[in-house]
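Some notes on the structure that comes next.
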Amino acid sequence: MNAPSPYALPVQETKAMRHIISILLENESGALSRVAGLFSARGYNIESLTVAPTEDPSLSRMTIVTTGSDDVVEQITKQLNKLIEVVKLVDLSEAAHIERELMLIKVRAAGKDREEMKRMADIFRGRIIDVTESTYTVELTGDGSKLDAFIEALDKTAILETVRTGASGIARGERVLRV
Amino acid sequence: MKITGAEISGDAVEMTGAEIVVKCLEAEGVEYLFGYPGGAVLFIYDELFKQDKVRHVLVRHEQAAAHAADAYSRASQKVGVCLVTSGPGVTNAVTGIATAYMDSIPMVILSGQVPTHAIGQDAFQEVDAVGITRPCVKHNFLVKDVRELAATIKKAFLIATTGRPGPVLVDIPKDVTIAKTAFHYPDSIAMRSYNPVIKGHPGQIKKAAQLILEAKRPMIYTGGGVILSDAAPLLTKIVKMLGFPVTNTLMGLGGYPGDDRLFLGMLGMHGTYEANMAMQHCDVLVAVGARFDDRVIGNPTHFGQVPRKIVHIDVDPSSISKRVKVDVPIVGHVPDVLEELLKQLESQTAKIDQKALAAWWAQIELWRGRDCLRYDRTSPIIKPQLVVEKLHEVTNGDAFITSDVGQHQMWAAQFYKFAKPRRWINSGGLGTMGVGLPYAMGAQLANPGATVACVTGEASFTMCIQELSTCKQYRLPLKIVLLNNRYMGMVRQWQQFFHGNRYSESYMDALPDFVKLAESFGHVGMRIEKPGDVEPALREAFARKNDLVFMDFLTDQTENVYPMVPGGKGLSEMILSEEL
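Top line first, the protein sequences correspond to chains A and B. For the first sequence, the positions run 158 to 336 when this note's numbering is used. For the second sequence, the positions run -16 to 563 when this note's numbering is used.
Pasting the structure below:
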């Protein structure tokens, strides 16, 4: 059964890299599903996707984190550009950029752990935004690895719930993405 | 959705959505509307009834409406338009829409939808048309407000016909067809997010010209883009000026005259030996309106083993460097780029190395000398290739030929030497069996008085056979050339080659008597069983100018299509006919 199928095409193996793509698209119903549909139909990978309207309510700004070889990412940007509702896009990872992600994390904070939990949040420059007798909810912003590090630093059994937004990104300096 | 570019003038007349739909089609110069009525589109049908500018063609199944509109576009330079009802009307049309999408055909599909207040309620005949068609249209719209209807239809026609063309669906809920608004059809419409490239980059075109003139073993490879953009005359001029060998893809046939000496035949999986060998061994390859797909270049790694410089001209940036890395990409509308390329070629001081070109042609002639399309002309059983050759002879190579999908499609492509663009109409990308008859209907309506023949197989033909009734209603004098081998021939061929002769489910048992079947629909039927009867039968059939004639040719059951590049193999690794 090891003979190659006559139908088979060779798989091209090139190095997959993480890319962060920012998109301005028409703020219309269906635009998001076109983007998501494109990724699933063509077998592209989405690590995270965030979207919200911009200061111009007719436009949405989307940030997609994906991984792929240079060829694949080139196709992703070309295929995204072909979508009628996509106005403009940029691969932020091509140059210096900043990315941030927000995490809300609810932790057990009772008895002797309560003080330790507060110190931990302070070290990571997190803010405690909700308090009960036995829990804290911490708001933490940073790049993905900082949020990972905070989770790592906590006692696993203390974590009750986490929610992360996925990365948003913006280019450094004078580079802007606008219509 | 914001309406841009559409200004409502003060004296605009108030109309219902249904009236607006018909007025928009009229304003777009739509001659034929292929469709099938149903609940959600009743008001539109009522408006169609009241006018005589847009003529409706009633098909027998919505799939055929989409196919016929598709072929109407392929066989003319116009947009194909169809109208279907909600739910099953749309789902039936999906195969036709996907077929047009894969071949980049400009088409507008109007679909009815349940009233806006019922959307999402699982209403009778409700389906998420925009969701279902999203992956197989260039774009689609759901019109929730009658005030957006005219501008949306304008956008649909704009998007369908510009850039890389494609089908666009406009989904119209029933209440929108009743609601009234002031009608104004904008002359033009601007979309900030849609600006297809037209002009090619001059620097790139100059580089391409230099590369072309330096070539020792040049090759020109053209696809459907040349046909769709009506660039065939310009391409022919450039090829003849250069004296270079040229090949067409299945979608590109007719882009260069098929009977010219510079033409090496079709390339690809069932391309000629000379075309595939020249593709593999050239040093400069110029690809025009083609996309290096798997049926054309075979295994891309094998193709990439031979060093060659590639110039790629295409309107769609995502077609470039998708499967094969190219050296000089040129994004632009093919005729504009070719126009500029011609100027560049004429202004360059470098001259073609005629000695090297002559040596290259000598090599190509050796390949051509293998006569790869040879078949047994003395066979006592009808060879399918013979039928297509005779069809070419009898129609003087000037007919519109549609085909279904399978072996007969390849024989039609190989043996009917297409001299002009838009004469060869087939489903190249999606490979949709059943397109042949509705394609012939669309081609005939686009070209009244022209000779239209459908080369088909018994398996494909049976898939849209109900359209024989439509042909009767509209008096379409098509000529059906059925190459009947009682097998799904292409499936059988693959099973013979790759599945140890196990012909799993590929035998067509219990076929109808096609002669009687044609007669029952009010057409003329003929059965042809001997090679000697092929030409007389064709002559008789084509002499019947006003009748649809169904010719059932009983052909050799085990004939295979050669040459063949097996899937995953390189372009030069062809299987040739057993006789070779």
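Glycine is no exception: its CB is placed at the ideal position from the N, C-alpha and C atoms.
Item, Value
"What is the rounded straight-line gap between the Cα of T207 of chain A and the Cα of R147 of chain B?", "30 Å"
"Can you give the Cα-Cα distance for K223 of chain B and F246 of chain B, rounded to whole angstroms?", "10 Å"
"What I want to know is whether the C-beta of V298 of chain B ends up closer than 8 Å to one or more non-hydrogen atoms of the ligand NAD.", "You won't find the ligand NAD in this model; it holds no ligand whatsoever."
"Check whether chain A comes within 9 Å of P89 of chain B, counting only Cβ atoms and requiring the distance to be less than that.", "no"
"Under 8 Å, with one C-beta from each stretch per pair, do the segment 157 to 177 of chain B and the segment 211 to 225 of chain B reach the 3-pair mark?", "no"
"With 16 as the cutoff for other CB atoms within 10 Å, does F481 of chain B come out buried or exposed?", "exposed"
"Report yes or no: do three or more beta-carbon pairs, one from the segment 47 to 55 of chain B and one from the segment 421 to 441 of chain B, lie closer than 8 Å?", "yes"
"Over what stretch of residues does the alpha helix (DSSP H) that includes I136 of chain B continue unbroken?", "L132 to T144"
"When you compare the CB of V113 of chain B with every CB in chain A, is at least one pair closer than 9 Å?", "yes"
"Quick check on K462 of chain B: does DSSP put it in helix, strand or coil?", "strand"
"Residues of chain A with a CB under 7 Å from the CB of I142 of chain B: which are they?", "I241"
"Tell me the rounded alpha-carbon separation between L321 of chain B and G208 of chain B.", "12 Å"
"If we count the other Cβ atoms within 10 Å of its Cβ and call it buried at 16 or more, is I92 of chain B buried or exposed?", "buried"
"What's the C-alpha gap between W344 of chain B and M234 of chain B?", "25 Å"
"Mark V13 of chain B as exposed unless 16 or more other C-beta atoms lie within 10 angstroms of its C-beta, in which case mark it buried.", "buried"
"I want to verify the contact list: residues of chain A whose CB lies under 8 Å from the CB of R357 of chain B, in sequence order.", "None at all; the shortest Cβ gap to chain A is about 25 Å."
"With distances taken between CB atoms, is the gap from R565 of chain B to Y486 of chain B smaller than 9 Å?", "Because residue 565 of chain B is not part of the residues shown, which for chain B are -16 to 563, the question remains open."
"Which chain B residues sit within Cβ distance under 9 Å of R321 of chain A?", "Simply none; closest approach about 28 Å."
"Would you say N238 of chain A reaches chain B, if we count a Cβ-Cβ gap shorter than 9 Å as a contact?", "yes"
"Find the residues of chain A that neighbour K305 of chain B, judging by a C-beta separation of less than 7 Å, and give them in chain order.", "Q232"
"In chain order, what residues of the same chain have a beta carbon less than 7 Å from the beta carbon of Y457 of chain B, not counting five sequence neighbours either side?", "V40"
"Could you check whether the Cβ of V336 of chain A sits closer than 9 Å to any Cβ belonging to chain B?", "yes"
"Which value, in whole angstroms, describes the spacing of the CA atoms of T135 of chain B and G323 of chain A?", "35 Å"
"Taking Cβ-Cβ distances below 9 Å as the criterion, which residues of the segment 176 to 204 of chain B are in contact with chain D?", "The question asks about chain D, but that chain is absent: this structure's protein chains are A and B."
"Identify which residue in B:T78, B:L16 and B:D387 has its Cα closest to the Cα of A429 of chain B.", "B:L16"
"Within 10 angstroms of its Cβ, does V336 of chain A collect 16 or more other Cβ (buried), or is it exposed?", "exposed"
"Can you list, in chain order, the residues of its chain whose CB lies under 7 Å from that of F444 of chain B, leaving out five sequence neighbours each side?", "D387, G419, L420 and L465"
"Could you tell me the alpha carbon to alpha carbon distance between E(-10) of chain B and A191 of chain B, rounded to whole angstroms?", "The predicted position of E(-10) of chain B is uncertain, since its pLDDT is 48 and thus under 50; a value taken from the coordinates is nonetheless stated next. Between E(-10) of chain B and A191 of chain B, the C-alpha separation is close to 44 Å."
"Using a cut-off of 8 Å between C-beta atoms, extract the partners of S190 of chain A located in chain B.", "G114 and R117"
"Would G254 of chain B and T284 of chain B be called neighbours here (beta carbons separated by less than 9 Å)?", "no"
"By the 10 Å Cβ neighbour count, where 16 or more other Cβ atoms means buried, how is A214 of chain B classified, buried or exposed?", "buried"
"Check for me: the alpha helix (DSSP H) holding L25 of chain B runs from which residue to which?", "L25 to F32"
"How many Å lie between L459 of chain B and K499 of chain B at the Cα?", "19 Å"
"Could you tell me whether the Cβ atoms of L132 of chain B and I335 of chain B are closer together than 9 Å?", "no"
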